[in-house]
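For the sequence shown, the working numbering gives the first residue as 1128, with consecutive numbering after it. These notes concern the structure reproduced below.
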Amino acid sequence: MSPLRASTLSVVGAGVMAEAIIAGVLERQLVSAGNIVASHPRADRRHALGEKYGIHVTADNAEAARRGDVVVLGI
């Protein structure tokens, strides 16, 4: 079991590179989808990420950062 499994992973700036990180984390079951928060300014991008990966999404970078035990800056 991953030591990160119980942690919340926040991704600030969920562009293409950040999406690759999210996909890899989920594929390797390091963190569950319910424990990932990603921020992006565009509603269509947030919707796509939420639908594809089942993660939490927000437009607010500060909110995403506050919610994470581990924060990845993808900006």
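Don't be surprised by glycine CBs; every beta carbon is placed ideally from N, CA and C. On a predicted model such as this, the values are computed, not experimentally measured, just so you know.
Run through the DSSP bridge pairs and tell me what residue i is partnered with.
i: Val1115; result: There is simply no residue 1115 to check, as the chain begins at 1128 and stops at 1202 in what is shown.
i: Leu1153; result: Leu1153 pairs with nothing; no bridge assigned.
i: Leu1136; result: Ile1163 and Val1197
Does DSSP classify residue i as helix, strand or coil?
i: Leu1131; result: coil
i: Ala1191; result: helix
i: Ala1175; result: helix
i: Ala1147; result: helix
Check each candidate in the options and name the one with the smallest Cα separation from residue i.
i: Arg1193; options: Leu1131, Leu1157 and Val1138; result: Val1138
i: Ser1129; options: Ser1166, Glu1154 and Ala1141; result: Glu1154
i: Ala1160; options: Leu1200, Ser1134 and His1167; result: Ser1134
i: Ala1146; options: Ile1163, Arg1132 and Leu1131; result: Rather than Ala, the amino acid found at residue 1146 in this sequence is Glu. Checked all of Ile1163, Arg1132 and Leu1131; the closest Cα to Glu1146 is Ile1163.
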